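*Asks:*
Numbering (my numbering), first residue to last: 3 to 173.
(1) Residue 39 by DSSP, collapsed to three states: which one?
(2) Across which residues does DSSP place residue 108 in a beta bridge pair?
(3) If I'm right that residue 110 touches residue 65 with Cβ under 8 Å, what's the distance once you round it to whole angstroms?
(4) Contact check, residue 48 vs residue 70 under 8 Å by CB: the rounded distance?
(5) Thinking C-alpha only, which one of 98, 157, 121 and 127 is nearest residue 46?
(6) Taking three-plus beta-carbon pairs below 8 Å as touching, is the segment 76–90 in contact with the segment 23–32?
(7) Could you round the C-beta distance between residue 42 and residue 50 to whole angstroms and report it? I think they count as a contact, below 8 Å.
(8) Out of 38, 137, 72 and 92, which one is the CA nearest neighbour of residue 115?
(9) Considering residue 154, what are the terminal residues of the alpha helix (DSSP H) in which it resides?
(10) If you check the beta carbons only, do residue 59 and residue 118 fall under 9 Å apart?
(11) Taking residue 33 as the reference, which of 143, 125, 147 and 144 has the closest Cα?
(12) Here's the rule I'm using: 16 or more other beta-carbon atoms within 10 Å means buried, otherwise exposed. How should residue 97 be labelled?
Below you can see the structure in the form of structure tokens.
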């Protein structure tokens with residue numbers, strides 16, 4: 003058996019991690035999530051993921067656990083645990099469909115709606131801070147490029163609109 007080596011592999015030592023678009027996107031996502039969590043925990047007592055789920059349900063974009071799992075790219079059991087926590091806190095409920103008893107929709111409680119309504123302010127505040135110094139045109143160009151990445155991934159979420167995008171806000 004050989005000893006593990008602490009020497010970097012030649013191929014890896016030359017790889018410029020800071021120049022990787024994937025790495026940069028991942029770091030930005032992580033940074034945004036951490037900053038949103040800091041604010042949402044301080045102001046609302048919930049994580050960014052919990053607040054985001056409440057927002058998605060309130061907006062009508064995701065009303066089923068399976069839709070949330072697809073939207074966030076996480077497995078159904080993780081979504082179930084998140085929903086369980088939010089239900090236990092009295093922020094959302096599961097409602098069985100009258101048309102199809104197998105379908106269980108998610109609905110917000112009044113407190114869940116109140117928190118969801120505050121999430122855009124938190125999202126926008128974090129983005130305003132992160133995009134400080136960007137011109138509206140640069141923000142529009144960034145959004146346009148990100149939409150194109152999503153379109154190239156095959157994602158069909160209504161983001162395929164004109165490549166120029168809008169420059170109305172930073173969010």
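Beta carbons: idealized from backbone N, C-alpha and C, even for Gly.
These numbers come from a predicted model, not from an experiment.
*Replies:* Straight from the coordinates:
(1) Here residue 39 corresponds to residue number 37 of the chain shown, with the count starting at 1. Here residue 39 sits in helix by DSSP.
(2) Reading the chain shown from its first residue, position 106 is the one you call residue 108. Its beta-bridge partners are 96.
(3) By one-based count along the chain shown, residue 110 stands at place 108. By one-based count along the chain shown, residue 65 stands at place 63. Not a contact, Cβ separation roughly 10 Å.
(4) What you label residue 48 is simply residue 46 of the chain shown in a count that begins at 1. What you label residue 70 is simply residue 68 of the chain shown in a count that begins at 1. The pair is not a contact, with the Cβ atoms about 15 Å apart (cut-off 8 Å).
(5) Locating residue 46 in the chain shown gives position 44, where the first residue counts as 1. Minimum Cα distance to residue 46 is reached at 121.
(6) no
(7) For the purposes of this step, residue 42 is taken as residue 40 along the chain shown, with counting starting at 1. For the purposes of this step, residue 50 is taken as residue 48 along the chain shown, with counting starting at 1. With a Cβ gap of about 6 Å, residue 42 and residue 50 count as contacting.
(8) For the purposes of this step, residue 115 is identified with residue 113 of the chain shown, where counting begins at 1. Per the Cα distances, 92.
(9) For this step, residue 154 is matched to residue 152 along the chain shown. Run containing residue 154: 138–154, per the alpha helix (DSSP H) assignment.
(10) By 1-based counting over the chain shown, the position of residue 59 is 57. By 1-based counting over the chain shown, the position of residue 118 is 116. Contact flag set, yes.
(11) As a working note, residue 33 is residue 31 in the chain shown. The shortest C-alpha separation from residue 33 is found at 125.
(12) Taking the chain shown and counting its residues from 1, one reaches residue 97 at position 95. Exposed is the call here.
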